[in-house]
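Engineer: My structure is below; once you've seen it, I'll send some questions.
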Amino acid sequence: MVGDELNIDPWSSTQSTDYSRIIDQFGLSSMANLSLPNPSHLHRRGIIFAHRDLDVVLEAQKTGGQFGVLTGLMPSGRMHLGHSMVIEQVKWFQNLGGDVSIAVADLESQATRGVSLEKGRKIALSEYVANYAALGLDPNLTKVYFQSSRSDVQRLGFQLGKRTNLNEFESIYGFKGETNLAHVQAPMVQVGDILHPQLEEYGGLRPIVVPVGVDQDPHLRLTRGIAAKTNWFNIKENNGPGVLIGLSVQDENADLLGQQPNGRIDKKKVASIFDMIVSDLSELGYSDINSNPKQGTIVVPSATTRDMISIRIKLLQLERRLGGMGLLAPSSTYHHFAVGLTGEKMSSSKPKTTIFLDDDINSMTKKIKKAYSGGQSTIEEHRRLGGNPDIDVAYQYMMYFFEHDDNYLSEINSAYRNGKILAGEMKQLCIDKATDWMKNHQELRAQTEHLVDEFLAEDAL
Ligand code: TRP
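For the sequence shown, my numbering gives the first residue as 2, with consecutive numbering after it.
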């Protein structure tokens, strides 16, 4: 339905929280039917609610294959609790064996928020990276880099610009004629961020997962589309049984794939490509492979949908050997946003809406005391009708950030709904937990501050 479309704007200060509509409209997959190793509280509580191709990453993890995690930080303001959620997820993937790259989006921050590169660097190091060790990231297994000093990222973003156009930017981001081109370039750099870990110099072909808030999904849609457009081999479910493979002829590969400029087909070349595909696929254990070079297709009748990823990776490896980029579409996960303390969107530029990781206990306490509450307006009413934990910020913050005991959380949830716990009492419970959390975090931060440089990639030193 045109006109009834939801638009996600990654630069907006408001945020749609109509998550089931977001899942439907943008084709995200629900987390419900995945089984996760060692789920974190964000998984157990449904805060991470959707994904794209996370199964690809989990499969690699399960079978001892490599996988990477990439995220980015916008160096424009102070680091707050909301930002820590992504780091929690990065940590979870890191503990499962993923290698971690973190982009400092200093080019984006400069272009879209007017923060100089120098200032961006300072903010990134003192506000963000300094908190990472305290939040549990391993400096030896994490590489932080700057967009401005990693030319491979910029080059990739530039090169891949060829695979998209202004119409696509209009439909994804709603850009118009008057849109500043910095807003066109920033997503292309982000495409470079997301795809470059697959380059040989950065670890090579492997699944890469990008944990983000749903506001960043437009960038993922763009990146996944672009990656798919570069692929030389298409893989899809066959109409009959099995998986169907076809060639994607492009300027870069036409000659190699036997498509001559005069429109003729070089049958020898086509045959040799098809032989390569068959021989590579037989390494995966398929004995029955129907190769039909004339028709330009190969069918693997015994392959299932689940096998598609291993076939895809095999063919991307082949594409690389033949000179193509061999890019795998990134996987992603999406988390719900914690509401701001005031009930509006959490934002560094509105200090009352959030708790900064270096807030002192006093101002943190004051903020929670003033927080938006799901209680009734009088004690009598509250006892009678009960409160609503779903909109109570103090409860929500315990669930998102501070309370790690699920049983205790569900106890106070029902006690609040029953009216046994009053709104002020809920706030006090939150303040107590938050105080422990913040004290612990700030102590750890002081102890680990000297590790900042160890998080930096070589080109970031
Ligand atoms: N655009 C992101 C933000 O506004 C920052 C970012 C840059 C990023 N590159 C990324 C996030 C790659 C995830 C992946 O916060």
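Where a beta carbon is used, it is the ideal one built from N, C-alpha and C, also for glycine.
Would you check whether the ligand TRP has a heavy atom nearer than 6 Å to the C-beta of residue 460?
Structural biologist: No, the ligand TRP has no heavy atom inside 6 Å of this Cβ.
Engineer: Less than 7 Å between the beta carbons of residue 1 and residue 105, yes or no?
Structural biologist: This structure cannot settle anything about residue 1, because the visible part of the chain is limited to 2 through 462.
Engineer: In whole angstroms, what is the alpha-carbon distance linking residue 294 and residue 203?
Structural biologist: Answer to the nearest angstrom: the Cα atoms are 35 Å apart.
Engineer: State yes or no: is the C-beta of residue 211 nearer than 6 Å to some heavy atom of the ligand TRP?
Structural biologist: Yes, the ligand TRP has a heavy atom inside 6 Å of this Cβ.
Engineer: Is the beta carbon of residue 376 less than 7 Å from the beta carbon of residue 424?
Structural biologist: Cβ atoms of residue 376 and residue 424: closer than 7 Å.
Engineer: Give me the Cα-Cα distance between residue 400 and residue 449, rounded to the nearest whole angstrom.
Structural biologist: Approximately 26 Å, taken between the alpha carbons.
Engineer: Can you tell me which of 32, 122 and 336 puts its alpha carbon nearest to the alpha carbon of residue 84?
Structural biologist: Per the Cα distances, 336.
Engineer: With distance defined between alpha-carbon atoms, name the residue in 247, 254 and 318 nearest to residue 281.
Structural biologist: Of 247, 254 and 318, the residue nearest in Cα terms is 318.
Engineer: Touching or not, the stretch 281-290 and the stretch 216-229, by the rule of three or more beta carbon pairs under 8 Å?
Structural biologist: Contact between the stretch 281-290 and the stretch 216-229 is absent, because fewer than three Cβ pairs lie under 8 Å.
Engineer: So residue 124 is in the alpha helix (DSSP H); what residue range does that whole segment cover?
Structural biologist: Note, residue 124: alpha helix (DSSP H), 118-124.
Engineer: Rounded to whole angstroms, how far is the Cβ of residue 71 from the Cβ of residue 36, which I believe are closer than 8 Å?
Structural biologist: That belief does not hold up - the Cβ atoms of residue 71 and residue 36 are roughly 24 Å apart, past 8 Å.
Engineer: Report, in whole angstroms, the separation of the C-beta atoms of residue 354 and residue 82, which I expect to be a contact under 8 Å.
Structural biologist: Between residue 82 and residue 354 the Cβ distance is about 10 Å, and since that is not below 8 Å, they are no contact.
Engineer: Exposed or buried, what is residue 39 when buried is set at 16 or more other beta-carbons lying within 10 Å of its beta-carbon?
Structural biologist: Exposed, by the Cβ-count rule.
Engineer: State yes or no: is the C-beta of residue 367 within less than 7 Å of the C-beta of residue 428?
Structural biologist: No, Cβ-Cβ distance for residue 367 and residue 428 is not below 7 Å.
Engineer: The ligand TRP heavy atoms versus the CB of residue 106: any closer than 6 Å?
Structural biologist: Residue 106: yes, Cβ under 6 Å from the ligand TRP.
Engineer: Give the list of continuous alpha helix (DSSP H) stretches no shorter than 4 residues that lie fully inside the stretch 353-416.
Structural biologist: Listed in chain order, they are 362-370, 380-386 and 394-398.
Engineer: So does the stretch 243-253 actually touch the stretch 295-312, counting three or more Cβ pairs closer than 8 Å?
Structural biologist: Result yes; three or more Cβ-Cβ pairs closer than 8 Å.
Engineer: Check the C-beta distance from residue 190 over to residue 109 and give it rounded, since I have them as a contact under 8 Å.
Structural biologist: Between residue 109 and residue 190 the Cβ distance is about 6 Å, and since that is below 8 Å, they are a contact.
Engineer: So the alpha helix (DSSP H) residue 319 belongs to, where does it begin and stop?
Structural biologist: First-last of the alpha helix (DSSP H) with residue 319: 309-322.
Engineer: Nearer than 6 Å: is that true of the beta carbon of residue 191 relative to any heavy atom of the ligand TRP?
Structural biologist: Yes, the Cβ of residue 191 comes within 6 Å of a heavy atom of the ligand TRP.
Engineer: Considering only the beta carbon of each residue, do residue 332 and residue 140 sit closer than 7 Å?
Structural biologist: No, these two residues do not count as a Cβ contact at 7 Å.
Engineer: State the DSSP-derived secondary structure class of residue 81, mapped to helix, strand or coil.
Structural biologist: In the structure shown, residue 81 sits in a strand (DSSP, three-state: E or B).
Engineer: Does the distance between the C-beta of residue 72 and the nearest non-hydrogen atom of the ligand TRP fall short of 6 Å?
Structural biologist: Yes.
Engineer: Quick one: give me the first and last residue of the alpha helix (DSSP H) that residue 265 is part of.
Structural biologist: Taken as a continuous stretch (DSSP letters only), residue 265 belongs to no alpha helix (DSSP H), as it is neither H nor E.
Engineer: Does the stretch 38-54 come within contact of the stretch 85-102, defined as at least 3 CB pairs closer than 8 Å?
Structural biologist: Yes: the two stretches touch, three or more of their Cβ pairs being nearer than 8 Å.
Engineer: Which runs of the alpha helix (DSSP H), 4 residues or longer, sit entirely within the stretch 212-256?
Structural biologist: Those alpha helix (DSSP H) runs which fall completely within the stretch 212-256 and span 4+ residues are 218-231.
Engineer: Which partner residues of residue 291 appear in the DSSP bridge assignment?
Structural biologist: Looking at the DSSP assignment, residue 291 forms a beta bridge with 300.
Engineer: How would you call residue 451, buried or exposed, if buried means at least 16 neighbouring beta carbons within 10 angstroms?
Structural biologist: Under this definition residue 451 is an exposed residue.
Engineer: So, helix, strand or coil for residue 440, using DSSP?
Structural biologist: Three-state DSSP puts residue 440 in a helix.
Engineer: Please report the straight-line C-alpha distance between residue 373 and residue 321, rounded to a whole angstrom.
Structural biologist: One C-alpha to the other measures close to 54 Å.
Engineer: May I ask whether a heavy atom of the ligand TRP can be found less than 6 Å away from the beta carbon of residue 194?
Structural biologist: Yes, Cβ of residue 194 sits closer than 6 Å to a heavy atom of the ligand TRP.
Engineer: What residue range does the alpha helix (DSSP H) around residue 108 cover?
Structural biologist: Looking at the DSSP string, the run of the alpha helix (DSSP H) that includes residue 108 is 107-114.
Engineer: Could you tell me the distance, in whole angstroms, from the CA atom of residue 361 to the CA atom of residue 442?
Structural biologist: Roughly 11 Å between the two C-alpha positions.
Engineer: Would you say residue 145 and residue 456 are within 7 Å of each other, going by their C-beta atoms?
Structural biologist: Cβ atoms of residue 145 and residue 456: closer than 7 Å.
Engineer: So what does DSSP say about residue 167, is it helix, strand or coil?
Structural biologist: Residue 167: helix per DSSP, three-state reduction.
Engineer: Using a Cβ-Cβ cut-off of 7 Å (strictly less than) and excluding sequence neighbours within five positions of residue 308, which residues of its own chain qualify?
Structural biologist: Within the same chain, residue 308 has close Cβ partners 244.
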